[in-house]
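Step one of this worksheet: look at the structure below.
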Amino acid sequence: MTGLTWRRLTTAAGLWLCSSVALANTEVAQSAEVAKPDFASYTAAFKAEAATKGYDAALLDAVFSSLEFHERVVSADRSQPEVVETLNTYLPKRVSEIRIRMARERYQQYLPQLEQIGQRYGVQPRFIIALWGLESSFGRFMGTYSIPSALATLAYEGRRETFFRQEFYNALDILAEGHITLENMKGSWAGAMGQSQFMPSSFMAYAQDGDGDGKKDIWTNELDVFASIANYLKNQGWDNNKTWGREVLLPANFDPSHAIQRGSLARAEWLKRWDASERSVMQWHKLGVTRLNGSALPKSEQPAALIMPDGEKGRAFLAYSNYKSLMHWNRSYYFVTSVGYLADLIVAEQG
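Read in order, the letters of the sequence shown are residues 570 to 920 in the working numbering.
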C-alpha cells in the first residue's frame, strides 16, 4: 500500500469519523433540547422545591402564579452590546451637566439626613449621592420588570442557573420578610432592584432600615436607600478619612507595568494585581508622577495603586483604598471613576 493510498484511506476514515461524531453530537443536542421542560413545567418543579424549604404556601402560590417568561430578558442576557468606549466618551454621558445639577440639588435637599447616615456608617454623603445618581438617576429609572419573573426567566435560560435560582430564593426571603409587596418588587431585566440597584443577595447582606419603620424599602424610601448604600461601602472597608483617588500625569518613558494590568479577572486575582501596583504617594512622586497640573504630589505615605483604564495612551489615576471598595460595587474602572468624579463635583466650589 503506497503512502498516497494510505493517506487517502485515513483521510476518508477521518472524514467519516468526524461526520459520525458531528451527527452524534447533533442528535444529543436535539435530544437535550427536546428533553428541556417548558417554562411552566420548570417553574412548577421549582415551586415544589421551594415548598420543601418552609416558605408560606400562600406566598409561593402568589409568586409562582405571577411568573412570566420574558424573551426580552433572555435576549438582553445573551446579546449585551459591546460598545467601544473610552473614558473620554464615557464620562460626559454618565457625569453630564444635568446629572451634576441634580446631584447637587439632591445633596442639599437631603443634607441633614445624609450627614446623620454618613456619620453612622462612616461614609461621606457625596459618595452616597453619586452612587444613587449613577445607579438609578436618583430613583427615576429603576426598571419595570417583575424581579421574580426576571430571575425565573434567567434561571430557566440555564447559562447561570444556579446563581439565578439562589437570587430567586433571596427574592422570596425579601417578600417573606415584608419589605416590599410582590406587585412593587420591580427592577432591571438582570434582577437588580430599586434605587440602589441591589441584586437580592446584596439586599439580604447590606440593605438597611434608614428611618426605623421596620422595613428596608430601597424602592420608595430614600433614607433606606442612603443607609443601604452607606452600609454596603462600610462593609467593603470604606475609609471616611480618605477620598477615592486623583488624576495624575506620568513622565515620559514611564514603565506601564507599574499600573494594574488590565483584563477581566476574578476579584481575588484582581486584588493581587492591585497589591502589586500599590505604593505610597511619595514613591509615586519618586517615579516622576505629578498632579494633573504638573505640580508635585503631596508628601504622603498614603498607599495608592495606579489605574490606566484605557491603557498606556489614556488617562492615569492614583487610586486609594476607597476606589477598591467601589470596585467591589461594580468592577468597572469607568463606572468607579465616574462615581469619584461626580462625588467631587457635588461639593466643588462653583464659580
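The beta-carbon is built from N, C-alpha and C at its ideal position, and this holds for glycine as well.
Predicted model, so just to flag it, every value in this text is computed and none were measured.
Residues near Y801 in its chain [Cβ-Cβ closer than 6 angstroms; skip 5 each side]: If we look at Y801 and ignore the five residues flanking it on each side, its Cβ neighbours are Y775.
Contact under 7 angstroms by Cβ, W947 with A645: Outside the displayed range of the chain (570 to 920) lies residue 947, so it cannot be described from this structure.
A835 classed as buried or exposed, judged by whether at least 16 other C-beta atoms fall within 10 angstroms: When all chains shown are included, A835 counts as exposed.
Among G883, R860, N810 and S770, nearest to P825 - alpha-carbon criterion: Comparing Cα-Cα distances from P825 to each of G883, R860, N810 and S770, the minimum goes to G883.
Segment limits, beta strand (DSSP E) that includes R815: G814 to L818
Option in G747, N790 and R815 with minimal Cα separation from L914: Residue R815 holds the alpha-carbon nearest to the alpha-carbon of L914 among G747, N790 and R815.
Within 7 angstroms, strictly: CB atoms of I698 and R663: With respect to R663, I698 sits apart: the two C-beta atoms are not nearer than 7 angstroms.
Spatially closest choice to A923 from K841, Q764 and H827, by CA coordinates: No information on residue 923 is available, as it lies outside the stretch 570 to 920 that the chain covers here.
First through last residue of the beta strand (DSSP E) which encompasses I667: Taken as a continuous stretch (DSSP letters only), I667 belongs to no beta strand (DSSP E), being part of the alpha helix (DSSP H) at E666 to Q678.
Sequence ranges, alpha helix (DSSP H) only - wholly within the segment 798-860, length at least 4: 836-846 and 850-855
Exposure label - R729; buried when at least 16 CB within 10 Å: When all chains shown are included, R729 counts as exposed.
6 angstroms CB neighbourhood of M762 in its chain, flanking five on each side removed: I716 and G756
For A864, three-class secondary structure by DSSP: Here residue 864 turns out to be Ser, not Ala, going by the sequence shown. S864: coil per DSSP, three-state reduction.
Validate contact between the segment 622-633 and the segment 848-855 using beta carbons, cut 8 angstroms, 3 pairs: no
For S890 and P872, the rounded distance between their alpha carbons: Cα to Cα, the separation comes out at about 8 angstroms.
Test item: CB-CB of L895 and V916 under 7 angstroms: no
C-beta atoms of A740 and L636 nearer than 7 angstroms: no
Beta-ladder partner(s) of K714, from DSSP: Checking the displayed sequence, the identity of residue 714 turns out to be Tyr instead of Lys. Y714 pairs with G756.
Own chain, CB closer than 7 angstroms to S846, minus 5 neighbours either side, in chain order: H827, A828, I829, A874 and L875
Distance cut-off 6 angstroms: E838 Cβ against heavy atoms of the ligand ZN: With respect to the ligand ZN, the structure shown offers nothing to examine, as it has no ligands at all.
Helix, strand or coil at P694 [DSSP, three-state]: helix
Residues that I876 bridges to, as DSSP identifies them: F886
Three-state class that DSSP yields for F767 in the structure shown: strand
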